[in-house]
Amino acid sequence: MLDQVIKVARDCERCVVLTGAGISAESGVPTFRGKEGLWGKFRPEELATMEAFMANPQIVWEWYNWRRELISEVKPNPGHYAIVEMENIFDHFTLITQNVDDLHRIAGSKNIIELHGNINKNKCLKCSEPFPDDQIISPDVIPACPKCGGQIRPDVVWFGEMLNADTIQKAFDESSKADLFLSIGTSAIVQPAASLPVEAKRSQATLIEINVNNTSLTSIVDFFIAEPSGEFLPKLVEGLKKII
Ligand code: OAD
Ligand code: ZN
726 MLDQVIKVAR DCERCVVLTG AGISAESGVP TFRGKEGLWG KFRPEELATM
776 EAFMANPQIV WEWYNWRREL ISEVKPNPGH YAIVEMENIF DHFTLITQNV
826 DDLHRIAGSK NIIELHGNIN KNKCLKCSEP FPDDQIISPD VIPACPKCGG
876 QIRPDVVWFG EMLNADTIQK AFDESSKADL FLSIGTSAIV QPAASLPVEA
926 KRSQATLIEI NVNNTSLTSI VDFFIAEPSG EFLPKLVEGL KKII
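Residue numbers for the sequence shown, in our numbering: 726 to 969.
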């Protein structure tokens, strides 16, 4: 299977990679769904919605700080680093992630389309002004916006919220132009991200899925790789580098 994938990928010019929580699983970041997933332990509607923040901002703030702490202790894994190398292998390369953990940037990826925001960033609930990164975020006190006094919230997309229009547009544009699309470590359930691989396939891209489990996408992909991404991606990159 690896050889077949390398053979197909080496003839491609426009590669789009979509990642989900599974790419960071081998770094020790919990995924959302599945046995050990966050949504098995916590109720998203109590923690990741505007209603939850309005009803109990402190609990939401503390939950995000707990996740920030957890993420600050982990490192990118070989899957993240392989994706950094892919930038130099293809003529045109786009990385789209649903993850908020910043591990792609820390690994060295450059142009990252962050569909669901970034957990290390904050913004004002009222005026959306970014809250300066260098300001100390206390786990206990929700800061106030220096501009309007509004409450500061994590700059992530909550359930029921729209994605940034330009961001999702760019993701769809790139997906429809791709000749190779890799869906990595995502359950491909949450929209609109889950439509990106479908869009790529509709536009004739070769669709490859790398996931330790089958997903709703699996039945339409050209290649399904049932391996942890941190093990498969370095092999793929090594194979592609040999050819170039
Ligand atoms: P999920 O938790 O839904 O899915 C993670 C996927 O990764 C599953 O399909 C696993 O089988 C797979 N997986 C686990 N370990 C893996 C490994 N080592 N290698 C490859 N695959 C592996 O996470 P997402 O699909 O990212 O949204 O979830 C999408 C969105 O739902 C998230 O961005 C988040 C969540 O609610 C928001 O926060 C807005
Ligand atoms: Zn404000």
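All C-beta atoms in this analysis are idealised placements derived from N, C-alpha and C, irrespective of residue type, glycine included. Remember, predicted model here, so these are calculated numbers, not experimental data.
Any non-hydrogen atom of the ligand OAD closer than 7 angstroms to residue i Cβ
| i | result |
| --- | --- |
| Thr892 | no |
| Gln823 | yes |
| Ser912 | yes |
| Asn843 | no |
| Ser900 | no |
| Thr756 | yes |
| Ala777 | no |
| Pro953 | yes |
| Thr940 | yes |
| Ile935 | yes |
Coil, strand or helix - residue i by DSSP
| i | result |
| --- | --- |
| Arg758 | coil |
| Glu771 | helix |
| Ile731 | helix |
| Ala869 | strand |
| Phe897 | helix |
| Ser908 | strand |
Beta-carbon proximity of residue i to residue j, cut-off 8 angstroms
| i | j | result |
| --- | --- | --- |
| Ile877 | Ala869 | yes |
| Ile731 | Ile909 | no |
| Asp880 | Lys851 | no |
| Ile796 | Asp816 | no |
| Gly804 | Leu958 | yes |
| Phe884 | Pro769 | yes |
In chain order, what are the residues with a CB under 6 angstroms from some non-hydrogen atom of the ligand ZN? Cys849, Lys851, Cys852, Glu854, Cys870, Lys872, Cys873, Gly875
If contact is defined by three or more beta carbon pairs under 8 angstroms, each pair taking one atom from either stretch, is the stretch 945-963 in contact with the stretch 736-753? The answer is yes - the stretch 945-963 touches the stretch 736-753, with three or more Cβ pairs under 8 angstroms.
Meets three-Cβ-pair contact criterion under 8 angstroms: the stretch 894-909 and the stretch 917-932: yes
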